[in-house]
Amino acid sequence: MISIKARRGARGIRRVKSGCSTCKTRHKKCDELKPVCTPCRESGWKCGFLDKTIPSSPTCTLRLADSDTMHFEYFRLICAPEFSLFFEMHTWSGIVLHAAYTDQSFRRIALAVGALSRSRYIKSGQHQPAESYALRQYNMAIRELSLLDHSPENVLRIVLACITLIVLEFLLENYSRVEIHMRSAVSMLSALQRGFDIQTTFYLQAITYIQDTMSVYY
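No gaps in the numbering here: position 192 of the sequence shown is 192 in the UniProt record's numbering, and each next residue is one more.
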């Protein structure tokens with residue numbers, strides 16, 4: 001009989017051979033958490049899983065009206081990368097894009113952010129229609145989110161929505177509501193602290209970063 005001796009330190013460790021491409025390239029152990037694995041989330045690298053879950057164009061998987069497509073494309077190409085620039089982490093653009101493709105409520109927020117941001121930076125004389133469109137999408141998103149139960153998965157969805165709504169409130173110049181969204185997100189995350197340490201810590205750090213930035217500029 002051939003005796004196979006385990007390598008020291010490997011006993012009891014689950015080996016993952018199908019991790020994300022980024023972890024494979026960096027020779028890191030991947031936990032396969034999707035849409036962004038823990039090693040990539042913590043280090044700020046773009047997770048390889050995002051390339052598999054995010055199409056290059058919304059028309060690949062989404063059926064959108066022409067006006068919605070325009071605003072979604074602006075969010076995809078311009079707004080989403082700005083999340084990574086603001087938080088100084090590559091993973092953020094992938095996180096918000098993944099949510100925009102897979103979560104209808106979040107997609108409404110993305111459309112609102114895209115429409116309002118586009119109207120502010122592209123002078124077309126249509127600022128008021130863009131604001132009305134954004135508020136309509138905003139209200140529908142809030143209504144849909146309010147119907148969700150408070151399962152851990154849904155709470156994390158709502159928290160990510162709150163973080164993105166903060167951007168929308170800045171665009172609408174509703175600064176008082178920024179604090180409301182932050183308090184709501186922190187309150188919900190605190191209830192999940194024990195069971196979802198990695199994700200809650202990640203989002204709490206994001207909210208703290210927003211608070212620190214506000215204290216400097218506002």
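C-beta: ideal position from N, C-alpha, C; glycine also.
Open item on the list: Can you give me the C-alpha to C-alpha distance between Met140 and His27, rounded to a whole angstrom?
Closed with: Looking up residue 140 in the sequence shown gives position 140. Looking up residue 27 in the sequence shown gives position 27. The straight-line gap from Cα to Cα measures roughly 44 Å.
Open item on the list: Ignoring anything shorter than 4 residues, give me the alpha helix (DSSP H) runs that lie fully in the stretch 91 to 145, in order along the chain.
Closed with: The qualifying runs are 91 to 102 and 104 to 121.
Task: Complete alpha helix (DSSP H) runs within the UniProt domain "Zn(2)-C6 fungal-type" (19 to 49) (minimum length 4 residues, chain order) - done: Runs found: 21 to 26 and 38 to 43.
Open item on the list: Pop quiz: Leu171 and Ser117 are said to be a contact at Cβ under 8 Å. What is the actual Cβ separation, rounded to whole angstroms?
Closed with: On the sequence shown, residue 171 is found 171 positions in, with the first residue counted as 1. On the sequence shown, residue 117 is found 117 positions in, with the first residue counted as 1. Right, the Cβ-Cβ distance comes to about 6 Å (below 8 Å), so this counts as a contact.
TODO: Check Glu179 in the structure and name its three-state DSSP category.
DONE: For this step, residue 179 is matched to residue 179 along the sequence shown. Residue state, collapsed to three classes: helix.
- [ ] Consult DSSP for Pro58 and reduce its assignment to one of helix, strand or coil.
- [x] Translated into positions along the sequence shown, residue 58 becomes position 58. Note that Pro58 scores a pLDDT of 48, beneath 50, so its modelled location is shaky; the value from the coordinates is reported in the next line. DSSP places Pro58 in helix when its eight states are reduced to three.
Open item on the list: Could you give the first and the last residue of the continuous alpha helix (DSSP H) run that contains Leu165?
Closed with: As a working note, residue 165 is residue 165 in the sequence shown. Counting along the chain, the alpha helix (DSSP H) containing Leu165 begins and ends at Pro152 to Leu172.
Task: Ala206 - DSSP class collapsed to helix/strand/coil - done: Here residue 206 corresponds to residue number 206 of the sequence shown, with the count starting at 1. Note: Ala206 maps to helix in three-state DSSP.
- [ ] With DSSP collapsed to three states, give me the class of Ala185.
- [x] Counting from one through the sequence shown, the residue named residue 185 turns up at place 185. In this structure, Ala185 counts as helix in the three-state DSSP scheme.
Task: Distance between beta carbons of Val113 and Val159, contact taken as under 8 Å - done: The residue given as residue 159 occupies position 159 in the sequence shown. The residue given as residue 113 occupies position 113 in the sequence shown. That pair is no contact at about 17 Å.
Task: Whole-angstrom distance between Cys40 and Cys20, CA atom to CA atom - done: Taking the sequence shown and counting its residues from 1, the one referred to as residue 20 is at position 20. Taking the sequence shown and counting its residues from 1, the one referred to as residue 40 is at position 40. For Cys20 and Cys40, the distance between alpha carbons rounds to 9 Å.
Task: Nearest-angstrom Cα separation, counted from Asp68 out to His90 - done: The residue labelled residue 90 in the question sits at position 90 within the sequence shown. The residue labelled residue 68 in the question sits at position 68 within the sequence shown. Going by the C-alpha atoms only, they are around 26 Å apart.
Task: Whole-angstrom C-beta distance between Thr25 and Lys46, which should lie under 8 Å - done: Translated into the one-based positions of the sequence shown, residue 46 becomes position 46. Translated into the one-based positions of the sequence shown, residue 25 becomes position 25. The Cβ separation is near 11 Å, so there is no contact.
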